[in-house]
Every structure is written in C-alpha cells, then in structure tokens.
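Student: Residue numbers (the numbering used here): 222 to 360.
#1: Could you pull out every residue in the same chain whose Cβ sits closer than 6 Å to the Cβ of residue 356, ignoring the five residues on either side in sequence?
#2: For residue 335, is the classification buried or exposed, using 16 other Cβ atoms within 10 angstroms of its Cβ as the cut-off for buried?
#3: Closer than 8 Å is the cut-off here; do at least three beta carbon pairs connect the stretch 283-292 with the stretch 312-323?
#4: Need the endpoints of the alpha helix (DSSP H) that residue 324 sits in, please.
#5: Could you give the uninterrupted runs of the alpha helix (DSSP H) lying entirely in the stretch 272-311, keeping only those of 4 residues or more?
#6: Using three-state DSSP, classify residue 344 as helix, strand or coil.
#7: Is residue 273 buried or exposed, if buried means 16 or more other CB atoms sit within 10 Å of its CB?
#8: For residue 342 and residue 327, what's the separation of their Cα atoms in angstroms?
#9: Are the CB atoms of residue 294 and residue 314 nearer to each other than 8 Å?
#10: Mind checking residue 249: buried by the 16 CB within 10 Å criterion, or exposed?
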C-alpha cells in the first residue's frame, strides 16, 4: 500500500467570529529615519604587510631606535652607581647610545640566526642566551 501524506484537520471557527468586521487599531506614528550613507569600513591590511612596511622604514632611517630621554635617564642611573657626580656632554651621550644600539642590534641579529637554525620564527630568550654564549660574552 502506498504511503499517504497525513493532513491535520484545521479547527473550524464559528461563523459569528468570522463574520465580524476587523477593528482598526491605532498605531504609533512612524519615525522617519534620515537616509545616511552607511559607515565606510576601516581598511585592514593583510597580516605582515604593516610589519614589512615598518621594517623598511626603520632600515632606511638613521635616527636612534631608543628615545633620547629614557636612555639618558638610564645612563645616569648606571653611572651614579660608579660615582656620584659625573658630567657628560650631549655628544658623549649620543656616542654611548649609538654604540649601545649597534651592540643590541648585532646581538638580536645573531639570536635571529639561532632562531632560524632551530626552524622557528619566534625569537625566544634562550636564542639570545645562545647568541651571547657563542660570542663568548656570557659564561
């Protein structure tokens, strides 16, 4: 025997309800919305694009990577441990900052090579420690 679709019976409304006129309901006035153009979505660069742009910008610049004022405060703190009153010219502070940044950059370059040798992309503190050991600067 073939299957047949079952249909549920509809409830029968009494004639008195069906024949009544529908009453109009008072509605609240509709607020008009001004036609404003949709907000323009913020442009999002692909991952890595901004980092590469920043690398190019930093490689082409010759200014200091560390800001002068924080470095000067740090230098005064280190020198104050040696002697209470030291006076340094601005050229002296700039020369020390230049040498410090060059040294730190070279350590990070060596540490990055250690990272690449370990088939990783992320630089870990152990890479910096290994780079310093290979340079013979850390026991």
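Backbone N, C-alpha and C fix where the C-beta goes; we use that ideal spot for every residue, glycine too. Here the structure is a predicted model, which means the values were calculated and not measured.
Tutor: If we stick to the structure as given:
#1: As a working mapping, residue 356 is identified with position 135 in the chain shown. Here the set comprises nothing.
#2: Along the chain shown, read from residue 1 onward, the residue named residue 335 stands at position 114. Buried, by the Cβ-count rule.
#3: yes
#4: For the purposes of this step, residue 324 is identified with residue 103 of the chain shown, where counting begins at 1. Where residue 324 is concerned, the enclosing alpha helix (DSSP H) stretches over 311-338.
#5: 289-303
#6: Here residue 344 refers to the residue found at position 123 when the chain shown is read from its first residue. In the structure shown, residue 344 sits in coil (DSSP, three-state: anything other than H, G, I, E or B).
#7: The sequence position of residue 273 within the chain shown is 52, counting from 1. When all chains shown are included, residue 273 counts as exposed.
#8: For this step, residue 342 is matched to residue 121 along the chain shown. For this step, residue 327 is matched to residue 106 along the chain shown. Straight-line Cα distance between these residues: approximately 18 Å.
#9: Within the chain shown, numbered from 1, the residue matching residue 294 stands at position 73. Within the chain shown, numbered from 1, the residue matching residue 314 stands at position 93. In this structure, residue 314 does not lie closer than 8 Å to residue 294 by Cβ.
#10: As a first step, residue 249 must be located in the chain shown, where it is residue number 28. Counting Cβ neighbours within 10 Å, residue 249 comes out exposed, since fewer than 16 surround it.
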